[in-house]
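Going by the numbering used here, the letters in the sequence shown line up with residues 3 to 268, in that order.
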Amino acid sequence: MIAVRGFPNGVVACFVEAPGGGNIRDFDAPRNRPAKDPVSWPENVIWHSDFFQYELAMPLQTRTITHATLAGYSQIYRLTPTIAAVASPPTDGIYFTRITQTRATDITLVTHNLGYVPLFFVSLGGRVITNGTVVQVAGNGLTRWVSPFATSSIIGLREIAASRTSALPAVDCTYQALIFRNTETTPGRTICGLEGDNLVLGGGRVDTSQQYLRSALAGETDFDFDLGETIDIANGRCRHVSGGVTTTEADYSGSFTGSGFIPVGV
């Protein structure tokens with residue numbers, strides 16, 4: 003039987019009862035084991051107040067970042083008698099030319115000052131980005147990647163930019179950040195009931211006056227959340243597939259097609 007029950011300790015759960023019976027009000031009854039120990043009964047649990055609720059800590063944050071130019075690079079190195087940078091190829095001895103450079107930059111996207119490292123999503127073009135997301139391909143070897151990260155005060159982007167003899171041009175990218183609060187039971191709040199016009203569950207762990215991550219409905223603005231791998235590397239080049247959008251570096255030789263995704267919203 004599917005049950006929705008609240009208990010004096012603040013737990014509220016919707017679950018399929020476990021076998022063994024017992025008083026429905028008794029948190030320790032065998033039938034209530036999915037509510038008491040949801041980790042051990044995942045197939046029986048439909049919803050549980052102890053699960054992370056993905057409540058927004060602040061409204062959706064939108065920021066446009068200008069990713070700076072990375073100049074082209076070409077440097078000749080003489081190998082004999084010692085390795086040294088030189089202005090032109092030597093007339094004798096061995097030399098090589100380095101034609102690639104990279105730059106790592108940490109960028110503050112949003113300042114949240116929550117005092118703890120929150121769960122979060124960052125999206126670009128309606129797609130939730132992951133570590134190593136390709137945001138710019140401007141030619142063979144001219145590529146920019148970003149990886150989102152969080153601290154106790156900011157949501158940031160670690161940018162890796164690469165150029166060759168030609169410069170990687172600047173580019174503007176508009177990101178959106180969803181930052182989630184760690185919800186807790188508040189003494190004195192209802193276990194399951196109304197506070198004014200708002201439904202409150204689990205002593206405030208869920209409060210319908212707040213915004214929560216959810217599956218997006220047809221026609222709504224959404225963010226595509228990938229369900230599997232998003233990046234493949236072949237022949238020293240990468241392909242990034244997210245939300246059905248494919249970005250490929252020149253000379254990539256693989257056949258990666260990405261994974262499925264679901265639309266989410268708030």
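By construction, the Cβ of each residue, glycine as well, lies at the ideal position given by its N, Cα and C atoms.
Have a look at the options and flag the residue whose alpha-carbon is nearest the alpha-carbon of residue i.
i	options	result
Arg-160	Asp-199, Ser-154, Arg-239, Ser-149	Ser-149
Phe-9	Thr-210, Lys-38, Ile-235	Lys-38
Ser-168	Glu-186, Gly-141, Ile-162	Gly-141
Thr-102	Ser-90, Ile-78, His-50	Ile-78
Ser-255	Ser-244, Asp-234, Ser-261	Asp-234
Thr-71	Ser-90, Thr-107, Leu-219	Thr-107
Val-47	Thr-188, Arg-65, Ala-59, Ala-15	Ala-15
Arg-241	Leu-121, Thr-135, Ile-264, Thr-185	Thr-135
Glu-197	Asp-209, Thr-64, Glu-186, Thr-187	Asp-209
Asn-237	Ser-257, Gly-245, Ala-218, Asp-253	Asp-253
Gly-204	Val-243, Ile-109, Val-13, Ile-4	Val-13
What distance in whole Å lies between the Cβ atoms of residue j and residue i, which are believed to be in contact at a cut-off of 8 Å?
i	j	result
Pro-32	Trp-43	Incorrect: roughly 11 Å between the Cβ atoms, too far for contact.
Arg-129	Val-247	6 Å
Compare the beta carbon distance of residue i and residue j with 8 Å and say whether it is the shorter of the two.
i	j	result
Arg-166	Gly-74	yes
Asp-179	Val-124	Sequence check: residue 179 is Ala here, not Asp. Yes, the Cβ-Cβ distance between Ala-179 and Val-124 is below 8 Å.
Ile-157	Val-112	yes
Glu-251	Thr-104	no
Gly-1	Thr-223	Because residue 1 is not part of the residues shown, which for the chain are 3 to 268, the question remains open.
Thr-185	Arg-216	no
Thr-192	Val-202	yes
Thr-176	Thr-64	yes
Should residue i go down as buried or exposed, given a rule of 16 or more other Cβ atoms within 10 Å for buried?
i	result
Gly-190	exposed
Asn-25	exposed
Phe-263	buried
By DSSP, does residue i sit in helix, in strand, or in coil?
i	result
Ala-31	coil
Ser-211	coil
Ser-125	strand
Val-41	helix
Pro-189	coil
Pro-36	helix
Asn-46	coil
Asn-200	strand
Is residue i a contact residue of the ligand HEM, with contact defined as CB to any heavy atom under 7 Å?
i	result
Gly-262	This structure simply doesn't include the ligand HEM, nor any ligand for that matter.
Using a Cβ-Cβ cut-off of 8 Å, state whether residue i counts as contacting chain B.
i	result
Ile-109	In the structure shown, chain B does not exist; there is a single protein chain.
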